[in-house]
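Chemist:
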Amino acid sequence: MLEARLEQADLLKKVVDAIKDLVQDCNFDCNDSGVALQAMDNSHVALVSMMLKAESFSPYRCDRNVALGVNLTSLTKVLRAAQNEDILTLKAEDAPDVLNLVFENTDSDRLSEYDLKLMDIDQEHLGIPDTEYAATISLPSVEFRRICVDLMALSESVSIETSKDGIKFSCAGDIGNGAVTLRPNTNVEKPDQNVEIELTEPVALTFSLKYLVNFCKAAGLSKTVKLCLSNEVPLLVEYALAGSSYLRFYLAPKIGD
Amino acid sequence: TPLQNDLSEFFVMV
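Chains S and C are the protein sequences, given in the same order. Okay, so the first sequence: first residue is 1 according to the numbering used here, each after it adds one. Okay, so the second sequence: first residue is 258 according to the numbering used here, each after it adds one.
#1: Between F207 of chain S and S245 of chain S, how many whole angstroms is the CB-CB distance? I'm expecting something under 8 Å.
#2: Nearest by alpha-carbon distance to P59 of chain S: which of S:D32, S:R80, S:L47 is it?
#3: Pull the bridge partners of S254 of chain S from the DSSP assignment, please.
#4: Using a Cβ-Cβ distance under 8 Å, would E238 of chain S count as near chain C?
#5: Give me the chain A residues within the contact set of T206 of chain S, using Cβ-Cβ distance strictly less than 8 Å, ordered along the chain.
#6: Apart from the five residues just before and just after L47 of chain S, which ones in its own chain have a Cβ nearer than 6 Å to its Cβ?
#7: From the DSSP output, read off the bridge partner residues of V237 of chain S.
#8: Kindly indicate which three-state DSSP category V78 of chain S falls into: helix, strand or coil?
#9: First and last residue of the beta strand (DSSP E) that includes V45 of chain S?
#10: Hey, how far is the Cα of A4 of chain S from the Cα of K164 of chain S?
#11: Who are the Cβ neighbours of T136 of chain S in its own chain at under 6 Å, not counting the five residues just before and after it?
#12: Quick one, are the C-beta atoms of L22 of chain S and N214 of chain S less than 8 Å apart?
#13: Going straight from the alpha carbon of V195 of chain S to that of K117 of chain S, what length do you get?
#14: Roughly how many angstroms lie between the CA atoms of L209 of chain S and M119 of chain S, to the nearest whole one?
#15: Starting from V45 of chain S, find everything on chain C with Cβ-Cβ shorter than 9 Å and list it in chain order.
#16: Going straight from the alpha carbon of R61 of chain S to that of K217 of chain S, what length do you get?
#17: With distances taken between CB atoms, is the gap from V35 of chain S to T76 of chain S smaller than 8 Å?
#18: Looking at chain C, is there any beta carbon in it that lies within less than 8 Å of the beta carbon of M50 of chain S?
#19: So, with DSSP's three-state summary, where would you put L99 of chain S?
#20: What are the boundary residues of the alpha helix (DSSP H) that includes D150 of chain S?
#21: Along the chain, where does the beta strand (DSSP E) that runs through K91 of chain S open and close?
#22: Find out if the Cβ-Cβ distance for the pair F103 of chain S, A9 of chain S is shorter than 8 Å.
#23: Candidates S:C171, S:T106, S:P140: which alpha carbon is nearest A153 of chain S's?
#24: I need the boundaries of the beta strand (DSSP E) containing K168 of chain S, first residue and last residue.
#25: Suppose contacts are defined by Cβ-Cβ distances below 8 Å. Is E85 of chain S in contact with G243 of chain S by that definition?
What follows is the structure, given as structure tokens:
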């Protein structure tokens, strides 16, 4: 059986909220290392890869590998019943029809129990190669969100160019052009505000802003976001979570003009 | 407008 207890329901609520507009039905693959999810959006342009390591739960028990086929809209309805600070426990049998969710508020002695019906999902699984990216940029997640939202007001696409001097986001639209350049900076007192650029070669790629703005719904999960780019390969947008868990998004680049 | 690539061109089904 599976039994996984999260100190705060907030984590799962935020993860599901960040991905539910991108993917609808997906398997939560549970094994002894944790709970993983991989799913592509319908247009096969974006991919979500989530890993909640066993260490993120306390306790965590998973006797046998189990795929929990979940409709995220339905899961959202159930998670709405959990307060952010509630203790959340996920439970399932070895061949489950339902996922049992328990929310506990220790202050008020309230215990809520929900069973979510599961579905059989025949999911395509993609092998993501280990990639040495040409550019790795770490920046505040709210900054990245602001840039994407601002540029989407002008255009559907953004060009991302990285050099040792900085990272430039630029777009061209009907009403005009826009560009935001971030230079590397280190703030000793507020490391969350740092912009760090590791570069082995300059990169220039174009992406759909609609997807990037969608990824930025995860900004509440981490104060920083990591962008990994190489020419002609998908962008990796990573939000690191506590206990080496993560929420990653991959986005195929646009090609040609 | 640039064309949009497909992720399955980069990642192989397993």
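Don't be surprised by glycine CBs; every beta carbon is placed ideally from N, CA and C. Just so you know, these numbers come straight off a predicted model, no measurement behind them.
Modeler: So, to answer that:
#1: About 25 Å separates the beta carbons of F207 of chain S and S245 of chain S, which is beyond the 8 Å limit, so they are not a contact pair.
#2: S:D32
#3: Contrary to the premise, residue 254 of chain S reads as Lys rather than Ser in this sequence. According to DSSP, K254 of chain S bridges with S:T206, C:Q261.
#4: Output row for E238 of chain S: interface = no.
#5: Annotation note: the requested chain A is absent from the structure, which comprises protein chains S and C.
#6: M40, Y250
#7: S:L227, S:F249
#8: helix
#9: V45 of chain S -> no beta strand (DSSP E), and no H or E assigned at all.
#10: Roughly 43 Å between the two C-alpha positions.
#11: E198, C228
#12: yes
#13: Computed Cα separation, rounded: 44 Å.
#14: 32 Å
#15: Residues of chain C passing the Cβ test: Q261, N262, D263, L264.
#16: 30 Å
#17: no
#18: no
#19: Strand at L99 of chain S.
#20: 141-152
#21: Unbroken beta strand (DSSP E) run through K91 of chain S: 87-92.
#22: yes
#23: S:C171
#24: 166-172 is the extent of the beta strand (DSSP E) around K168 of chain S.
#25: no
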